[in-house]
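Below is one structure; the comments refer to it alone.
Residue numbers (UniProt numbering): 1 to 524.
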């Protein structure tokens, strides 16, 4: 018997009502329909999260730009005093501009990293629809506030630092929220491939953020922030209307294979076990009371599992003790250091190492994210096929090191070489990062050591991504200082060394993966 959708979002209730009136006799696979909707909504949501992070990397090119030869917008009056400085923006109009801009990156990323650990704990205990909606609206407002600095002639460094820090805090609602929602709706089967394709939202958000920001960067850089901020707010409203965080919110039970590719802690970091049967059905009236305790209040410290048992949110220390969490967390620290240095500094590096304009440099930087989309899918496919996530990450990290060396020395040679190396670098740098933050986090968050009814998707995701985010904060900060005092070549040596450390952090898990593979070969 189908449960009335009393706890479902208003938009879903309206769609259900219209469907029942228009097609009363048509049989619809409601669970599959909702799964598709969840993938689309969470994809849009996190695309917007990353779209609002990207403009700062594009606008850096003009905040301290010499304006000779550029055409000013109509609202700027040119005279002898400001002829070469009209597009500069104090306080970023000094030789220390790279360090100051790096400070903005760090304000965002350190706030993001610190708040991420708390955000995961909160996400485990609240209604994720409200959680994501609030986070998206607040993130959009923060991005918008950065843009209005141009309209209101704000030149105070601490204004920009505080806006960036606030944006970092609100952005932490995104990753634990969307990963947990997708984890609630999808079982084990081909999780790496599903997450690999789904994770392209990160790169797509970077691409869209770059293209939108590049459209306005040379005429009105404030719009480079205000337009993505407005889009983010609109997307948050859509999430409020249509997102169902769990199958139980719409009268369905979770997929029967919702679980973990069980780890044999003594032999392997990643071993497949259970089968894939992902059947779903609607819940009977006798389960209504249990479902209400899950979805009705915004705050709920004890959730009900679909079999009626208590599903207690795990503590922070308990989540850290799950085998593999610390290794992947530290590896992600260094992997995100590399990825976010590219995210925040690549357009400026391309402009500094070539004769390309700010707009063309921003457009070229999107190729790194195009490669990232391919890398996320490739990592997911190889992980599903081999069952060895750690080895998949290690191979890509190993290949990324010589690729970064080649890009540093050959990337500025000509446009064609730049394009090819950017695509390959994006594939190899973002592939491991994407796999760890999605499929691996989801697997660890439903580890068998948690017990039958306990889950820790949001908490584990926050621990892994929060640790990685500390690296993401350190990378751009170091890049700003190193590029200023030692040059861009040394920035790339720093990134290559970081990839080596990420590889080293996975060495124990890689060894277990290889040993398990050898055991399987002998057993055949």
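Built from N, CA and C at the ideal position, the CB exists for glycine as well.
Being a predicted model, the structure only gives us computed values, none of them experimental.
(request) Could you check if residue 528 is buried or exposed, using at least 16 other CB atoms within 10 Å of its CB as the buried criterion? (result) An answer regarding residue 528 cannot be provided, because it is not within the stretch 1 to 524 covered by the chain.
(request) Taking residue 494 as the reference, give the member of 342, 167, 430 and 356 with the closest Cα. (result) 342
(message) Please tell me whether residue 436 has its Cβ less than 8 Å away from any Cβ of chain D.
(response) Of the protein chains in this structure there is only one, and it is not chain D.
(request) Ignore the nearest five residues each way along the sequence and tell me which others in residue 20's own chain have a CB closer than 6 Å to its CB. (result) none
(message) Counting C-beta neighbours from all protein chains within 10 Å, is the total for residue 481 16 or more, i.e. buried, or is it exposed?
(response) exposed
(message) Could you check whether the stretch 463 to 483 touches the stretch 332 to 341, counting it as contact only if at least three pairs of C-beta atoms, one from each stretch, sit closer than 8 Å?
(response) yes
(message) Classify residue 317: buried if its beta carbon has 16 or more other beta carbons within 10 angstroms, exposed otherwise.
(response) exposed
(request) Determine, using beta carbons only, whether residue 442 and residue 195 come nearer to each other than 8 Å. (result) yes
(request) Whole angstroms is fine: what's the gap from residue 516's alpha carbon to residue 397's? (result) 21 Å
(message) On a Cα-Cα basis, can you pick out the residue from 36, 113, 249 and 222 that is closest to residue 128?
(response) 249
(message) At the level of alpha carbons, what is the spacing between residue 305 and residue 181?
(response) Annotation note: pLDDT 47 at residue 305 (below 50); position unreliable, coordinate value reported separately. Their Cα atoms are separated by approximately 15 Å.
(message) residue 155 and residue 90 - do their beta-carbons sit closer together than 8 Å?
(response) yes
(message) Can you find the residues in the same chain that come closer than 7 Å, C-beta to C-beta, to residue 236, ignoring five residues on each side of it along the sequence?
(response) 133, 136, 137 and 140
(message) Going by DSSP, what residue range makes up the alpha helix (DSSP H) through residue 63?
(response) 55 to 63
(request) Within 10 angstroms of the Cβ of residue 29, are there 16 or more other Cβ atoms? Answer buried if so, exposed if not. (result) exposed
(message) I need the DSSP call for residue 282, collapsed to helix, strand or coil.
(response) Low per-residue confidence applies at residue 282: pLDDT is 43, beneath 50, and the placement is therefore not dependable, though the value from the model is reported in the following sentence. Three-state DSSP puts residue 282 in a strand.
(message) Using 8 Å as the cut-off, can you tell me whether the stretch 359 to 376 makes contact with the stretch 199 to 211, which would need three or more C-beta pairs spanning the two stretches below that distance?
(response) yes
(message) At a threshold of 7 Å, does residue 402 count as lining the ligand NAD (C-beta to nearest heavy atom)?
(response) What this structure holds is no ligand at all, so the ligand NAD is not there to describe.
(message) Does residue 505 pass the burial test, meaning 16 or more other C-beta atoms within 10 Å, or should it be called exposed?
(response) buried
(request) Could you tell me how far apart the beta carbons of residue 349 and residue 475 are, in whole angstroms, since I believe they sit closer than 8 Å? (result) Not confirmed; about 13 Å, so no contact.
(message) Residues in the same chain with beta-carbon distance under 6 Å from residue 204, minus the five sequence neighbours each way, listed in chain order, please.
(response) 47
(request) To the nearest angstrom, report how far apart residue 130 and residue 123 are at their CA atoms. (result) 10 Å
(request) Report the three-state DSSP secondary structure of residue 338 (helix, strand or coil). (result) helix
(message) Please return the same chain residues whose Cβ sits closer than 7 Å to the Cβ of residue 170, not counting the five positions on each side in sequence.
(response) 135, 138, 139 and 142
(request) State yes or no: is the C-beta of residue 246 within less than 8 Å of the C-beta of residue 184? (result) yes
(message) Do residue 374 and residue 105 count as a contact pair if the criterion is CB distance below 8 Å?
(response) no
(message) Mapping the DSSP letters down to three states, classify residue 22 as helix, strand or coil.
(response) helix
(message) Quick check: what's the CA-CA separation for residue 414 versus residue 355?
(response) 11 Å
(message) Quick check: the Cα distance between residue 153 and residue 146, rounded to an integer number of angstroms?
(response) 11 Å
(message) Taking the straight line between their C-alpha atoms, what separation do you get for residue 167 and residue 176?
(response) 16 Å
(message) I need the DSSP call for residue 95, collapsed to helix, strand or coil.
(response) coil
(message) Short of 8 Å in beta carbon distance, which residues of its chain neighbour residue 17, apart from the five on each side in sequence? Order them along the chain.
(response) none
(request) Let me know the secondary structure DSSP gives residue 506 once reduced to three states. (result) coil
(message) Can you tell me whether residue 55 is buried or exposed? The criterion is at least 16 other CB atoms within 10 Å of its CB, across all chains shown.
(response) buried
(message) If contacts are defined as beta-carbon pairs under 8 Å, then residue 380 and residue 435 qualify, I think. What distance do you get, rounded to the angstrom?
(response) 6 Å
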